[in-house]
Amino acid sequence: MLKVKDETFQKQISLLYKYQQEHLLKWWEELNEVEKEEFSNQILKIDLPLIDELIKEHLLKPEKEDVFEKKELLPPEIIPVPITGEDLDKEREAKTIGELALKNGEVGCFLVAGGQSTRLGYDAPKGIYPIGPVTDRTLFQIHAEKIKALSERYSVKIPWYIMTSKYNHEQTVKFFKMYQFFGLPSEDVKFVVQGMMPAVDIKGKMILERKNHIFENPNGHGGTILAIRDSHYLEDMKSRGVKYLFYFQVDNAFLKIADPIFIGHHILNKSSMSAKVVAKKYPEEKIGLVGYINGKLGVIEYSELTKEEVYTKNEDGSLKFNAGSPAIHILSISFIEDILNKKAKLKYHKAFKEMPYLNEEGKTVTAIKPNGYKFETFIFDLFPEAKNVTLMEVSRFEEFSPLKNKEGEDSPLEVKKNLTKLYASWIKDSGIKIPSDKEGNIKGFIEVSPLYALDQEEFVKKAKGRSFQRIWK
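Here our numbering is used: position 198 in the sequence shown is 402, and no number is missing along the way.
Laid out in C-alpha cells, this is it:
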C-alpha cells in the first residue's frame with residue numbers, strides 16, 4: 205500500500221484499496237509535488253463508500269430473470285390549459301395570488317446551467333449560445349432580461365441563483381461580468397458550482413483521464429439540492445424572505461420565468477413541489493412523461509412504455525400518456541429545508557457514455573464509443589417526498605422549445621423559427637400585418653425584447669394602434 209505523510213489522505217488511500225480502486229495510484233511516483241497535491245485533493249473529495257455502493261447496485265448486482273419486469277404506469281391528474289369559464293376563473297385567482305407573492309419578494313429563481321454546447325458544435329457554456337432570431341441575444345441575456353422585466357413590473361428584487369459546473373463556471377461568471385449582469389444588481393445574481401461524480405468503466409473501476417486526474421461528470425440536476433446546501437444559499441434565500449424557488453434549465457428560451465399563474469396554483473394547492481407539463485409533439489416523441497410508476501409519482505422514460513401505451517388514447521382523442529416534462533418546477537423553501545434536514549437521498553441513475561481514458565502508455569485517449577458509466581440524480585425524483593405536487597399543463601407553442609442539437613429537431617434554426625412564430629402571434633393579435641408568403645409562412649425572423657414586453661398581453665397593450673417603421677429581416 206502507498207504510504208504518505210498526510211494522515212487524512214492515508215485513510216482515503218486505505219479506502220481505495222478496500223474498494224479495489226488502487227489502480228488510480230498507478231502513476232503516483234511519476235507525479236511532481238504540485239500534481240500530487242491536485243490529485244490528493246480530488247481523491248479526498250470523493251465519497252468512496254457511495255461510489256462502491258453504486259457500483260454494486262448498478263453494475264455488479266445480478267440481473268433479475270425478468271429484465272423487462274412490467275411496471276404499473278398511470279397518467280397523473282393535471283390542471284389543464286384553461287378552456288372553460290371555470291378554468292379561466294381559477295387561472296385568474298391563481299394569477300392574483302402569484303402576483304402578490306412576487307410583489308412581496310417571496311419568489312427566487314434557480315437556473316441549471318452546467319452544460320456545454322457540445323451537441324451544438326459550440327465550444328462554450330450553452331447559456332452563451334446566440335439564439336435571438338434577429339439580435340443574436342444569448343440564452344443568458346434572454347433569461348436575465350425576463351427577470352429584470354419582472355423585477356420592474358412588480359417593483360421587487362428577484363434573487364437569481366445560477367448553478368454552473370466546474371467545466372463552465374469561470375466562463376459563465378466572466379460572461380456575466382462582461383455584460384454587467386445585463387442590468388441586474390450583481391448582488392442579486394449568485395453562482396454555485398454543481399457537484400461532480402466519478403465515472404467508472406464496465407468493470408466498475410474509476411477512470412483516470414490523466415495521470416493525476418479522475419474523469420468526473422456533473423452529478424445531474426438533482427444536484428441542485430446539494431448545491432443549495434453546500435453554498436449556504438438556503439440561508440440567503442430565507443434572509444431575503446424567499447418562500448418559493450422557480451427552477452428552470454438554460455436551454456429553453458420560451459420560459460415564462462416566475463410565472464405568477466404557476467406560482468399561484470402552487471400556493472393555492474399548498475404544494476411542496478410543482479411541475480409544468482406539455483403535450484407531446486407526436487406519440488413517439490422521446491420525452492420524459494410525468495406519471496405514476498407503481499403508485500409513486502415520477503417521470504416515465506419513453507422506453508418504459510409499451511407500443512400500445514404509446515398510442516393509447518382517452519375518450520376525447522388525446523393521448524393517455526401525454527404529460528411531457530419540460531423541467532420547469534417550483535420548490536417551496538420549507539420543502540428544500542425539510543429534505544436537507546431529513547438527509548433524504550435521491551436515487552442515482554446510470555448512463556452508458558463515451559469517457560476519455562488513460563491507456564497503458566499513460567496517454568489520454570478520446571473514446572469513440574461508450575466505454576463507461578456516469579451516475580447522476582434527477583430533480584423529479586423528489587416528487588415522492590413532496591406532500592402535494594401540482595402539475596400544470598401549459599401551451600408548448602408558448603413555453604417550450606429547447607435548444608439541444610446542431611441540426612434538425614431542437615436545433616438553433618428550429619428554435620428561432622418557433623420564437624418567430626410566437627412573436628408573430630403577438631404582433632398579429634395587436635392588429636399589425638406581417639409579411640408572409642402564399643402559404644402563410646412568415647418571411648424572415650421576428651424578435652421581441654423581454655424588456656419591451658414579457659408576454660402577449662403586455663405587447664398588445666403597448667403595440668395596438670401603433671405602426672412600426674422596421675425593415676423586416
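Backbone N, C-alpha and C define an ideal beta-carbon position, used for all residues, glycine too.
Item	Value
Of the listed residues D293, E237 and L459, nearest to L607 (C-alpha basis)	L459
Element boundaries [alpha helix (DSSP H), containing A555]	Unbroken run through A555 is the beta strand (DSSP E), H553 to K557; no alpha helix (DSSP H).
Contacting residues, own chain, Cβ-Cβ under 8 angstroms from F213 (five flanking each side not counted)	S244, I247 and L248
Nearest-angstrom beta carbon gap, L626 and E602 [assumed within contact, 8 angstroms]	6 angstroms
For S321, three-class secondary structure by DSSP	strand
Status (buried if at least 16 other CB within 10 Å, exposed otherwise) for D291	exposed
Best match in G426, A305 and F344 for proximity to G387 [C-alpha to C-alpha]	F344
Secondary structure, beta strand (DSSP E): runs of 3+ residues fully inside the segment 386-439	393-397, 400-402, 412-414 and 420-422
Per-residue burial, V271 [other beta carbons within 10 Å of its own, 16 or more giving buried]	The predicted model places V271 with a pLDDT of 42, which falls under 50 and marks its position as unreliable; any figure quoted below should be read in that light. By the 10 Å Cβ count, V271 comes out exposed.
Short Cβ contact (8 angstroms threshold) for V700 with I467	The chain is shown from 205 up to 677; residue 700 falls before or after that span and cannot be answered.
Cα-Cα separation, Q216 to K409	16 angstroms
Three-state secondary structure assigned by DSSP to L658	coil
T581 vs N423 beta-carbon contact at 8 angstroms	yes
Inter-residue Cα distance where the pair is N545 and I532	24 angstroms
Residue from S475, D455 and N456 whose Cα sits closest to the Cα of L449	S475
T300, enclosing alpha helix (DSSP H) - first and last residue	G289 to K307
Cα-Cα separation, A317 to M367	6 angstroms
Helix, strand or coil at F272 [DSSP, three-state]	Low local confidence applies: a pLDDT of 44 at F272 is under 50, so the model's placement there is unreliable, with the coordinate-based value given in what follows. Looking at F272 - three-state DSSP - the assignment turns out to be coil, as it is neither helix nor strand.
Cβ distance (whole Å) where L277 is taken to contact I504 below 8 angstroms	6 angstroms
8 angstroms Cβ cutoff met for P616 and I335	yes
Reduced DSSP category for I675 - H, G, I as helix; E, B as strand; rest coil	Its pLDDT being 43, under 50, I675 is placed unreliably in this model, and the value from its coordinates should be taken loosely. In this structure, I675 counts as coil in the three-state DSSP scheme.
C-alpha gap between Y437 and I543, whole angstroms	15 angstroms
Rounded separation between G614 and K485 - CA only	The question names Gly, but residue 614 in the sequence shown is Asp. Their backbone Cα atoms lie some 12 angstroms apart in a straight line.
P363 classed as buried or exposed, judged by whether at least 16 other C-beta atoms fall within 10 angstroms	buried
Own chain, CB closer than 7 angstroms to K370, minus 5 neighbours either side, in chain order	V397 and M400
Beta bridge counterpart(s) of E643 as assigned by DSSP	According to DSSP, E643 bridges with nothing at all.
Cβ-heavy atom distance, S605 to the ligand COA, below 7 angstroms	Although the ligand COA was asked about, the structure shown includes no ligands whatsoever.
Three-state secondary structure assigned by DSSP to D327	strand
Pair within 8 angstroms by beta-carbon distance, A657 and I646	no
Bridge partners - L354, DSSP secondary structure assignment	Note: L354 sits in no beta bridge, so no partner.
Close beta carbons around V208, own chain, < 6 angstroms, minus the five adjacent residues each side	Q214
H227 burial status per 10 Å Cβ neighbour count (16 or more: buried)	exposed
CA-to-CA distance, E589 to G499, given in whole angstroms	13 angstroms
For A479, the first and last residue of its enclosing beta strand (DSSP E)	M477 to V481
Assigned exposure category for P574 - 16 Cβ within 10 Å defines buried	exposed
Boundaries of the alpha helix (DSSP H) in which V316 is found, first to last residue	Here V316 belongs to no alpha helix (DSSP H); instead the beta strand (DSSP E) covers V311 to V316.
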